[in-house]
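In this text, residue positions in the sequence shown follow the numbering used here: the first is 179, and each later residue adds one.
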Amino acid sequence: QKLLKFKGIKGAVVLAIPRGGVVIGKVISNALRVPLGVVYAKKIPAPGQPELAAGARIVRTKKFGKTPEVKGKSVILVDDGIATGETVKAAIKYLRKKKAKKIILAMPVAPKDTLKSLKRLVDEVIVLETPVYFGAVGEFYRDFPQVSDKEVLQCLYETD
C-alpha cells in the first residue's frame, strides 16, 4: 500500500535482487504497473552463516536478463529482506553510478540498526517490519523456501 503513490509513474522501474527479491518484485511491479528487472548484487556469505552477508559485490551476469537502463529513472529496489545491508549497499552504489534519478528501498523486513545506515544512501525507505532483535530474514516468513532459477525466470516472464 505504501508504494501505491508510484503506480503508473513514467520512468519508474522495480529492480529486484535475485532470487528471493524477484518474487517480491513481481508483486510490486504488477501492483504499480511498472517494469520489473534485476540488479545482480552477489552476497559474500559470512563463514558458517550462508544467509548472513559479510560483504557484497555487483556481478556481471545476464542469467535472468540484462539490468535495465536506470539513468534518469526512479528505481524501486527490492529484495526479500535485509540482514546486514551489504547486498543492497552494493546495488545502491551501482544504481548511483548508473545515474538513477531516485532510489526507493522497499523491503518486507530489515533490522532497525541496519536501516539507519541505509537511509542516508537512498531517497526513500519503505520497510514493513523493523525488528530490534533480528537473526535472519527467513525468521520473518511462515514459509521461506529457496527460490529456483526457474521460478525467477517465470516471475520475470509473467510480469505485466
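The beta-carbon is built from N, C-alpha and C at its ideal position, and this holds for glycine as well. Only a predicted model underlies this, so the values are computations on that prediction, with no experimental measurement involved.
Which partner residues does residue i have in the DSSP bridge list?
i	result
Ser-326	Its beta-bridge partners do not exist; DSSP assigns none.
Lys-249	Ala-278
Leu-283	Leu-255 and Val-303
Leu-214	Val-192
Run the CB neighbour count on residue i, radius 10 Å, all protein chains shown included, and call it buried at 16 or more, exposed below.
i	result
Val-212	buried
Lys-204	buried
Arg-298	exposed
Lys-183	exposed
Asp-301	exposed
Ala-314	exposed
Asp-257	buried
If you run the structure through DSSP and keep just helix, strand and coil, what is residue i?
i	result
Ala-261	coil
Ala-288	coil
Leu-181	coil
Ala-314	coil
Gly-186	coil
Lys-244	coil
For the putative contact between residue i and residue j, defined by C-beta atoms under 8 Å, what is the C-beta separation to the nearest angstrom?
i	j	result
Lys-277	Gly-250	7 Å
Val-192	Val-325	At roughly 16 Å, the Cβ-Cβ gap does not stay under 8 Å, so Val-192 and Val-325 are not in contact.
Leu-181	Ile-304	6 Å
Leu-255	Leu-283	5 Å
Lys-280	Ser-252	4 Å
Can you tell which of the options has its C-alpha closest to the C-alpha of residue i?
i	options	result
Pro-309	Val-266, Ile-195, Lys-183 and Pro-289	Pro-289
Ile-260	Lys-294, Tyr-335 and Lys-279	Lys-294
Gly-199	Glu-336, Val-330 and Tyr-335	Val-330
Glu-264	Leu-181, Thr-292 and Pro-246	Thr-292
Phe-242	Leu-299, Lys-279, Tyr-218 and Glu-302	Tyr-218
Asp-327	Arg-320, Asp-321 and Tyr-335	Tyr-335
Ala-209	Ala-190, Lys-279 and Lys-267	Ala-190
Lys-188	Val-248, Ile-195 and Ala-269	Val-248
Thr-262	Val-216, Val-287, Lys-185 and Leu-306	Val-287
Ile-195	Gln-227, Lys-185, Lys-244 and Gln-179	Lys-244
At the 7 Å Cβ level, is residue i part of the contact set with chain D, yes or no?
i	result
Glu-247	Within the model displayed, chain D is absent; a lone protein chain is all it includes.
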